[in-house]
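Counting from 120, one number per residue, gives the positions in the sequence shown under our numbering.
Note that CB positions come from ideal geometry on N, CA and C, so glycine has one too.
Have a look at the structure below, then the notes.
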Amino acid sequence: MTTKKTQNHARGAAASTSQRIHTSSRQLMVTRLCALLSCLFALATLAQPTYALANCPNSCQCDDDTLVVRCGEGTLDVLPITLNPFIQRLVIQNNKIKTIDSSLQFYAELLFLDLSYNDLVTLPMRTFQFQRKLQELHLNHNKIGQISNTTFVGLAALTVLNLRGNLLAELEQGTFAKMSKLAELNLGQNRINRIDPHAFDGLMNLRTLYLDDNTLTTVPAPSIFQAMPNLAELYLGTNSFTSIEANAFVDLRGLTRLDLRGAGLHNVSAEALKGLEGLRFLDLADNRLQVVPTNALSHLERLEELLLGQNDFEVIGSGAFTGLKQLRKLEITGAQHLRSVQNGAFSANTNLEHINLSANKILQEVQENALSGLPHLRHVILKENDLHTLSEGLIPWSDLQTLDLSDNPIVCDCQVLWLRNLLVSKNSTTDRLIGVMCAYPEPMRKEPLSQLSPAMLGCSHSDSKQQAMIIVVVVVTTATITGLSLLVYGCRRRIRETLKGGWGNSALGRKEREYQKTCSDEEYMTRQQHPCSLSIQPTMPYTNNGGYNMHQTQPYMGSRPIPVTEL
């Protein structure tokens with residue numbers, strides 16, 4: 120009995136040993152077979168054209184030379200597992216992928232991954248732990264509702280992360296702490312309403328941050344921005360801030376671009392932009408500002424471009440942009456309440472090159488000196504306003520490279536003759552100078568101003584300079600005649616006396632000279648006075664007795680010399 124048991128045990132051991140040997144042999148064969156298949160795969164890869172890998176899905180384009188795979192719109196619901204494991208760029212857009220499974224681990228050489236416009240809902244923990252070389256990750260326009268500090272573990276080389284257009288509601292502490300090389304982070308168009316004070320810790324190299332189009336009610340606290348000392352561009356538009364408090368950006372001294380478009384702002388406090396002395400671009404368009412925030416803007420000494428359209432301004436007053444000495448481009452478009460741009464509005468902005476004041480539907484007045492003192496101005500856009508006329512002295516028009524006055528209700532009369540001449544001289548059909556159409560009077564409606572003659576505009580003189588000279592001559596002549604008339608009237612009595620005295624003395628002197636000329640001592644002889652010779656006596660005043668005191672003419676009793684010619 121014992122012998123049989125021993126024999127059975129021996130047989131079992133032998134069988135077990137034989138089975139292990141057989142298993143080992145089979146594993147070895149499998150290993151060798153795998154190696155052989157790998158070699159065959161490599162040889163097949165080398166032998167095949169670069170554009171047609173055997174394992175490339177139908178909706179994809181695979182290039183083994185550039186190591187790029189692109190999958191366009193299709194029905195893929197998982198990541199393909201049969202792609203070349205050495206690919207460096209994988210783009211799968213507009214498909215039905217709902218999750219990123221473990222198949223991603225086979226593509227450890229990826230540098231660029233784009234899974235945008237899919238149906239991703241969740242990102243499992245440590246999904247990207249094998250993508251240590253990945254530099255750009257685009258997961259925008261999916262349905263991702265949550266991320267945490269374990270989501271992006273392994274992405275130490277990542278520089279761009281795009282999560283735009285998802286369903287994120289909050290950012291937890293240390294969410295991005297493992298991505299110290301991240302330079303661009305796009306969290307726009309989500310539902311973010313809460314940001315942990317330490318959510319951005321570790322982002323020392325971040326340059327661009329998008330938080331626009333979320334549901335934030337206040338600008339993130341200054342302490343949040345302290346983790347991003349090198350931030351250059353910040354997008355906070357399309358939120359519901361209402362106002363910006365003092366020193367909101369004081370820790371962002373390296374910021375060059377700030378976008379607050381559509382942020383719901385009613386007010387910007389005087390110290391709100393303090394610390395942004397290096398800012399070059401500011402977008403405050405599409406808010407509810409009722410006045411230009413002059414005091415807040417005055418801190419931005421290096422600002423070059425400012426957008427202020429679609430606000431509730433009624434007037435752009437004198438010195439509205441004081442302090443903006445480096446401003447080169449200004450846009451105020453679509454301001455539905457703007458009606459006037461006053462003299463000196465841009466007097467402090469002598470470096471302005473481009474002004475766009477278009478689509479302000481009730482803007483009727485740009486005062487004559489509103490755009491004066493701008494020697495570098497080259498581009499002026501005044502289209503789609505309610506301007507009826509423009510002053511010739513508004514701008515040095517001939518210096519402009521671009522002028523657009525289209526879609527204004529211009530009244531075509533003699534006051535715009537200068538503009539007609541400008542359009543003709545600059546050839547208004549070119550892109551540099553957009554033509555002007557007449558709105559009034561009715562017979563000229565929709566007629567190009569440049570095609571109207573001076574006579575059609577009601578101008579008697581076609582040359583405005585000639586008109587000015589004629590006016591000056593008329594004014595000077597009228598003033599001279601008036602002055603002489605007043606002078607003569609004021610001195611009329613003295614002039615009359617002078618004239619009387621002059622005429623009398625002249626007559627007596629002439630008689631005396633004639634008398635002396637015809638008489639000499641040799642020609643005279645003594646005779647009695649001629650009986651008809653009379654002496655003229657002056658008329659005497661009226662006497663009290665009612666008569667006149669008349670002197671009788673007495674005969675001259677003496678003798679006088681009588682010229683021989685009178686004998």
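DSSP state of residue i mapped onto helix, strand, coil
{"i": "L540", "result": "At residue 540 the sequence reads Asn, which differs from the Leu that was named. The answer is helix: DSSP assigns N540 an H, G or I state."}
{"i": "R313", "result": "strand"}
{"i": "L627", "result": "Annotation note: pLDDT 47 at L627 (below 50); position unreliable, no value reported."}
{"i": "Y608", "result": "helix"}
{"i": "P567", "result": "strand"}
{"i": "D233", "result": "strand"}
{"i": "I216", "result": "coil"}
{"i": "I451", "result": "coil"}
{"i": "T327", "result": "strand"}
{"i": "S678", "result": "Since pLDDT at S678 reaches only 47, below the 50 mark, its modelled position is unreliable, and the value read off the structure follows with that caveat. Coil at S678, not helix or strand."}
{"i": "T337", "result": "coil"}
{"i": "I600", "result": "helix"}
{"i": "E561", "result": "helix"}
{"i": "L618", "result": "helix"}
{"i": "L350", "result": "coil"}
{"i": "V98", "result": "The question about residue 98 has no answer here: the residues shown for the chain are numbered 120 through 686."}
{"i": "L223", "result": "helix"}
{"i": "L195", "result": "coil"}
{"i": "L290", "result": "strand"}
{"i": "L172", "result": "With a pLDDT of 45 at L172, under the threshold of 50, the modelled position of that residue is not reliable, and no figure is offered here."}
{"i": "L344", "result": "It is worth fixing the name first, because residue 344 is Phe in this sequence and not Leu. Three-state DSSP puts F344 in a helix."}
{"i": "K297", "result": "coil"}
{"i": "K393", "result": "coil"}
{"i": "I589", "result": "helix"}
{"i": "N261", "result": "coil"}
{"i": "R613", "result": "helix"}
{"i": "N468", "result": "coil"}
Contacts around residue i, its chain only, beta-carbon distance under 6 Å, and the 5 residues preceding and following it disregarded
{"i": "L506", "result": "N527"}
{"i": "T246", "result": "I219"}
{"i": "R283", "result": "N259, N305, G307, Q308"}
{"i": "H456", "result": "D431, E433"}
{"i": "I211", "result": "C190, L234"}
{"i": "S222", "result": "L198, I200"}
{"i": "V555", "result": "L524, I529, L568"}
{"i": "T357", "result": "D331, D332, G381"}
{"i": "K636", "result": "With a pLDDT of only 46 at K636, under 50, the local geometry of the prediction cannot be trusted, and no value is derived from it."}
Nearest neighbour of residue i, chosen from the options [CA to CA]
{"i": "E484", "options": "C531, H498, I435", "result": "I435"}
{"i": "V279", "options": "V272, K262, L290, N305", "result": "N305"}
{"i": "N312", "options": "D320, M323, A340, G293", "result": "A340"}
{"i": "M575", "options": "F295, E420, V530", "result": "V530"}
{"i": "L277", "options": "R376, E291, K297, N261", "result": "K297"}
{"i": "N349", "options": "F368, L230, N324", "result": "N324"}
{"i": "F465", "options": "V592, D320, K448", "result": "K448"}
{"i": "H495", "options": "E503, K480, W516", "result": "W516"}
{"i": "Q292", "options": "L322, K300, A302, R310", "result": "L322"}
{"i": "Q254", "options": "Y236, R497, A275", "result": "A275"}
{"i": "R326", "options": "D332, A489, D315, A351", "result": "A351"}
{"i": "N429", "options": "L419, T601, G453, N414", "result": "Asn is not the amino acid found at residue 429; the sequence shown has Gln there. Q429 has its Cα closest to that of G453, out of L419, T601, G453, N414."}
Cutoff 8 Å; reference residue i; Cβ partners in own chain excluding five residues on either side
{"i": "L186", "result": "N203, F205, I206, Q207, R208, E228"}
{"i": "T194", "result": "S178, N214, K215"}
{"i": "I263", "result": "L239, V240, T241, L242, L282, N285, L286, L287"}
{"i": "L712", "result": "Past the edges of the chain, shown from 120 to 686, lies residue 712, and the structure says nothing about it."}
Residues sharing a beta bridge with residue i, DSSP
{"i": "T441", "result": "DSSP, once it has assigned bridges, lists no residue as partnering T441."}
{"i": "C190", "result": "C179, I211"}
{"i": "S362", "result": "N386"}
{"i": "T521", "result": "H498"}
{"i": "S459", "result": "V434, E484"}
{"i": "W426", "result": "With the sequence shown as reference, residue 426 is identified as Leu, and Trp is not the correct amino acid for it. D402, E450."}
{"i": "I280", "result": "For the sequence presented, residue 280 should be read as Leu rather than Ile. Partner(s): L256, L304."}
{"i": "L377", "result": "L353, L401"}
{"i": "N475", "result": "E450, I500"}
{"i": "M556", "result": "P567"}
Anticipated Cβ contact below 8 Å, residue i with residue j, distance rounded
{"i": "L519", "j": "V499", "result": "6 Å"}
{"i": "T361", "j": "G394", "result": "In fact, because the Cβ distance is near 21 Å, the residues do not count as touching under 8 Å."}
{"i": "L377", "j": "L408", "result": "The pair is not a contact, with the Cβ atoms about 15 Å apart (cut-off 8 Å)."}
{"i": "V410", "j": "A367", "result": "In fact, because the Cβ distance is near 19 Å, the residues do not count as touching under 8 Å."}
{"i": "L290", "j": "A318", "result": "4 Å"}
{"i": "I451", "j": "L427", "result": "5 Å"}
{"i": "L476", "j": "L501", "result": "6 Å"}
{"i": "F295", "j": "F271", "result": "7 Å"}
Contacting residues, own chain, Cβ-Cβ under 7 Å from residue i (five flanking each side not counted)
{"i": "S510", "result": "E487"}
{"i": "L422", "result": "L398, R399, L401, L443, Q445, L446"}
{"i": "S417", "result": "T441, G442"}
{"i": "I266", "result": "L242, L287, T294"}
Any non-hydrogen atom of the ligand GTP within 6 Å of residue i CB
{"i": "T601", "result": "The ligand GTP is not among the ligands present in this structure, which contains no ligands whatsoever."}
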